[in-house]
Amino acid sequence: MAEFQLHEDRIRKNLELIADVAAAADVRIILALKAFAYWPAFPIFAEYLTGATASSLNEATLIQRHFGKAPHVYAPVYVPEEFDQVLSLAGHLTFNSLTELERYRPQWEDSSVSVGLRVNPEYSPVATDLYNPASPRGRLGETLPNLPTKPPPGLKGLHVHTLCESTAAQTATLIERIKAQFGHYLGQLEWLNLGGGHLMTKAGYDVDELVRTLRQLRERYPNLEVILEPGSAMLWNTGTLNARVLDIVNNYGTQTLMLDVSFTCHMPDTLEMPYRPEIRGASTTEDPTYPYAYRLGGMSCLAGDYLAEYYFRQPVRPGDTLIFEDMAHYTTVKTTMFNGVPHPDIVLLDADGEELHRRSFSYQDYEARMG
Ligand SMILES: Cc1ncc(COP(=O)(O)O)c(C=O)c1O
């Protein structure tokens, strides 16, 4: 069976670095559940982090039940029937628009929740439209021309999310942009959430520059608690998706490895972005030392459920395992059961390879979604 293998020691290494940044820069760094929701591992995260952030009632409930901290919540839109429940769970709650802020004012004004507004600074280093949250006509957050000159009564924070796998220099540019556009608000608020996308655990990331930049921000606005909510950085390079080769289809010389995983069901970013995941021992580009070329085929019926050629040193055979690198963040949460394709198992391993926890998915999981 295909399985996600998550490594506890690598997760701890990332979390140690992140906790050090939080302490050195005097900021709060919390886990974005959209990137990782395998809750049996939450106790590890809770040792290093002060909280987590949710973007739906389900995520908020998961945080409350398994993280043991009041969630920060931001959703692009709230469902009226769910709002009171979200409010009762949240410690911080961010609205995506001024209309939602006012629509729900009667509920939140009498609560103890700290309310924020997402703003769009119209700056993002992300080139792919699908992943760019800061396009001027986008739907995520209010742009500057929409804001009243003074913060609406009761507003405690601003929320900005426009980075993705970004550098410290890009965080610095984002902060300058926020100061230029929303500086007139910042002096009057209690917190600023700089969203996710701060990839501080990637090799070569300039952690010192990030700490310096955040400290300068704290000094400029001592009234503001600064919050970062990365997901990818916490899980960067902490897990793989291991797939078996079940068959090989050959049409007009194109050989396709038929795997027990699916790109559309299990790795949708590889088709949507699209991006090419690393495969252990294989080359993503043509290379004379990797003479064996294969497409990688998924198990769903979607015609496009495949990745273009990868190159191997030796012929691949049914029964071989392909190891997709760096699959812990987003991939584990984005899996679907389209076509009745089962989820890969998720297994948490300690440094000696001993299993700490395994989740297997059965027919009952599939059936329960529909009836
Ligand atoms: C509002 C918000 N916060 C945090 C994140 C986490 O970003 P990342 O996993 O890139 O750090 C995202 C990702 O889409 C997001 O939309």
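Just so it is clear: in the sequence shown, position 154 is 171 by my numbering, and no numbers are missing.
Glycine residues also receive a C-beta, built at the ideal position from the N, C-alpha and C atoms.
The model shown is predicted, which means the values in this text are computed figures rather than measured ones.
Buried or exposed by the 16-neighbour rule on C-beta atoms within 10 Å, applied to residue i
| i | result |
| --- | --- |
| residue 325 | exposed |
| residue 20 | buried |
| residue 233 | exposed |
| residue 132 | buried |
| residue 293 | exposed |
| residue 230 | buried |
| residue 284 | buried |
| residue 352 | buried |
| residue 65 | buried |
| residue 38 | buried |
| residue 119 | exposed |
| residue 186 | exposed |
| residue 77 | buried |
| residue 269 | exposed |
Proximity below 9 Å, CB of residue i to CB of residue j
| i | j | result |
| --- | --- | --- |
| residue 349 | residue 121 | no |
| residue 69 | residue 80 | yes |
| residue 104 | residue 88 | no |
| residue 275 | residue 248 | no |
| residue 138 | residue 179 | yes |
| residue 271 | residue 317 | no |
| residue 344 | residue 256 | yes |
| residue 62 | residue 251 | yes |
| residue 74 | residue 96 | yes |
| residue 288 | residue 241 | no |
| residue 329 | residue 309 | yes |
| residue 14 | residue 135 | Given a span of 18 to 388 for the chain in the structure shown, any question on residue 14 remains unanswerable. |
| residue 307 | residue 299 | yes |
| residue 32 | residue 84 | no |
| residue 36 | residue 228 | no |
| residue 373 | residue 22 | no |
| residue 3 | residue 196 | No information on residue 3 is available, as it lies outside the stretch 18 to 388 that the chain covers here. |
| residue 210 | residue 346 | no |
| residue 181 | residue 140 | no |
| residue 45 | residue 243 | yes |
| residue 142 | residue 190 | yes |
Cα-Cα separation, residue i to residue j
| i | j | result |
| --- | --- | --- |
| residue 295 | residue 213 | 23 Å |
| residue 357 | residue 385 | 12 Å |
| residue 157 | residue 151 | 7 Å |
| residue 208 | residue 171 | 13 Å |
| residue 336 | residue 27 | 28 Å |
| residue 123 | residue 100 | 12 Å |
| residue 34 | residue 218 | 7 Å |
| residue 361 | residue 18 | 7 Å |
| residue 253 | residue 379 | 28 Å |
| residue 174 | residue 245 | 13 Å |
| residue 264 | residue 387 | 31 Å |
| residue 114 | residue 216 | 27 Å |
| residue 239 | residue 193 | 16 Å |
| residue 162 | residue 29 | 43 Å |
| residue 24 | residue 370 | 8 Å |
| residue 128 | residue 359 | 42 Å |
| residue 53 | residue 363 | 12 Å |
| residue 338 | residue 222 | 32 Å |
| residue 168 | residue 199 | 10 Å |
| residue 112 | residue 125 | 11 Å |
| residue 304 | residue 323 | 21 Å |
| residue 72 | residue 50 | 8 Å |
| residue 259 | residue 117 | 43 Å |
| residue 382 | residue 355 | 13 Å |
Proximity test, Cβ basis, 9 Å: residue i and chain D
| i | result |
| --- | --- |
| residue 58 | Considering every chain present, this structure includes no chain D. It has just one protein chain. |
Around ligand 1, which residues pass a check of Cβ closer than 6 Å to any of its heavy atoms? Listed along the chain, these residues meet the criterion: 49, 51, 52, 91, 178, 181, 212, 213, 214, 246, 247, 248, 249 and 250.
Scan the region 249 to 304 and note each continuous alpha helix (DSSP H) run of 4 residues or more that stays entirely inside, going in chain order. Correct list: 249 to 252, 280 to 283 and 286 to 289.
4-residue-minimum alpha helix (DSSP H) runs that sit fully inside the region 296 to 370, ordered along the chain: 348 to 351
List, from N- to C-terminal side, the alpha helix (DSSP H) runs of 4 residues or more that fit wholly inside the region 65 to 96. Listed in chain order, the complete alpha helix (DSSP H) runs (minimum 4 residues) inside the region 65 to 96 are 74 to 83.
Tell me the start and end of each unbroken beta strand (DSSP E) in the region 94 to 148 that is at least 3 residues and wholly inside, in chain order. 109 to 112 and 131 to 135
Quick one: which unbroken beta strand (DSSP E) runs of 3-plus residues sit fully inside the region 207 to 236? Chain order, please. 208 to 210
For the region 172 to 199, list the beta strand (DSSP E) runs that are entirely contained and at least 3 residues long, ordered along the chain. With a minimum length of 3 residues, the continuous beta strand (DSSP E) runs that stay inside the region 172 to 199 are 174 to 176.
Could you pull out every unbroken beta strand (DSSP E) segment of at least 3 residues lying fully inside the region 34 to 61, listed in chain order? none
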